[in-house]
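With this note's numbering, the residue at position 276 of the sequence shown is 303, and numbering never jumps.
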Amino acid sequence: MPIQELSPQVIGDLKFYFQNFQAFPHAHNLYLQIFFNYGSVGFAIMIMMIIYTATKAWKMFRNKSISPSEGIALAILSSLFFQEIFDYTMIDAMTFYQAILAIGILSHPFQAKEGNNQKPLSFPPKYLVAIQIVLMVFIILLGFNLCLSEKIKLLFRNQFTIDNFSNLKFKDGVADNQILISRFMTIDPLFLPLPIDEKKEQFAGQVYLEIFHKSKDRLFLEKASGHFQSCIRIFPYSAVCLKRLSEIESLKGDAKNAKDFESLYKQNDPFGLVVP
28 MPIQELSPQV IGDLKFYFQN FQAFPHAHNL YLQIFFNYGS VGFAIMIMMI IYTATKAWKM
88 FRNKSISPSE GIALAILSSL FFQEIFDYTM IDAMTFYQAI LAIGILSHPF QAKEGNNQKP
148 LSFPPKYLVA IQIVLMVFII LLGFNLCLSE KIKLLFRNQF TIDNFSNLKF KDGVADNQIL
208 ISRFMTIDPL FLPLPIDEKK EQFAGQVYLE IFHKSKDRLF LEKASGHFQS CIRIFPYSAV
268 CLKRLSEIES LKGDAKNAKD FESLYKQNDP FGLVVP
């Protein structure tokens, strides 16, 4: 974020606003989420998409090529699109797209029968059905990983607190519970190798890091490092994962790598909001 020219007082005021008025850049604060995750380029792309969609809709209304009811439907689908394409819940977004595609395929014969749309589908239906099947299989695979993630969270229920950025804070004694740790380490290798869920990698990395702090076994430190590395491969701007990698490199005694990760973390969390 472009804060180099701001005075410390202005930065302090902004930080106070973010922290005290629940304006954290999470999924429900869409515009801040765009800027925070994708920078000025992503924000500009989103604005151009909105302008293009609004212009297209205005021309269609002016030329009376769509009815008001169709315009409302277009507005709803556009709203879903803009919300979900920039959301970090991949399986949620894909489910919306598949549902929209299915509704379009199913409604076309009825529209043609009523005379509202006599044009044939521009894309062969068999290809659309094939796309639906591929999406369905992919969502099932994602769902399997999601179920495992939820199982791990249930395993540690009431053992940690979590904030908007998925920072975990464990209660004392969690790493001493050998049954809990053993179950976690049994579930963790079962995840399918789908490199799209950085939150899962972040969660597992924080669990292993917590175990290391208690046991001092470097095996757990390496496992934590591996998960956080996977996290930034999926999402290079994850401030939490960058900060944890900086801590891990410091624990390993590699000051240069620790400084590099710390620098990357500060670029992505200039206000110090993500990692308190």
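Where is the CB? At the ideal position from N, CA and C, for every residue including glycine.
Just so we're clear, the structure is a prediction, and the values are computed from it rather than from any experiment.
DSSP places Lys-243 in the coil class of the three-state scheme, outside both helix and strand. Within the model, the alpha-carbon separation for Arg-271 versus Phe-165 is close to 30 Å. Between Phe-211 and Leu-182, the CB-CB gap stays under 8 Å.
Taking the C-beta atoms as reference points, Ile-214 is found nearer than 8 Å to Lys-178. By the neighbour-count criterion, in which 16 or more other beta carbons inside 10 Å mark a residue as buried, Tyr-154 falls on the exposed side. Burial of Ala-231 is indicated by the presence of at least 16 other C-beta atoms within 10 angstroms of its C-beta.
For Asp-287, the enclosing alpha helix (DSSP H) stretches over residues 282-295. With contacts defined as CB atoms closer than 8 Å, Leu-269 and Ile-261 fail to qualify as a contacting pair. Comparing alpha-carbon positions, the option among Ile-223, Pro-297, Leu-195 lying closest to Glu-237 turns out to be Leu-195.
Ala-266 is positioned such that its CB atom lies no closer than 8 Å to that of Glu-276. For Ser-34, there is no enclosing alpha helix (DSSP H), as DSSP marks it with neither H nor E. Closest in C-alpha terms to Phe-239, from the list Phe-197, Pro-222, Asp-224, comes Phe-197. Residue environment for Lys-226: buried (at least 16 other C-beta atoms within 10 angstroms of its C-beta). Around Arg-245, the same chain offers Phe-239 as residues with beta carbons nearer than 8 Å, after the five sequence neighbours per side are excluded. By the beta-carbon neighbour count (other beta carbons within 10 angstroms, threshold 16), Gln-233 is buried.
Straight across, the Cα-Cα distance linking Ile-167 with Lys-86 is about 40 Å. Burial state of Ile-208 is buried, judged by a 10 Å Cβ sphere holding 16 or more other Cβ atoms.
Within the same chain, no residue comes within 6 Å of Gly-253 by CB-CB distance, once the 5 residues on both sides are set aside. Between the alpha carbons of Phe-255 and Asp-224 lies a gap of roughly 12 Å. With 16 or more neighbouring CB atoms inside 10 Å of its own CB, Gln-229 falls in the buried class.
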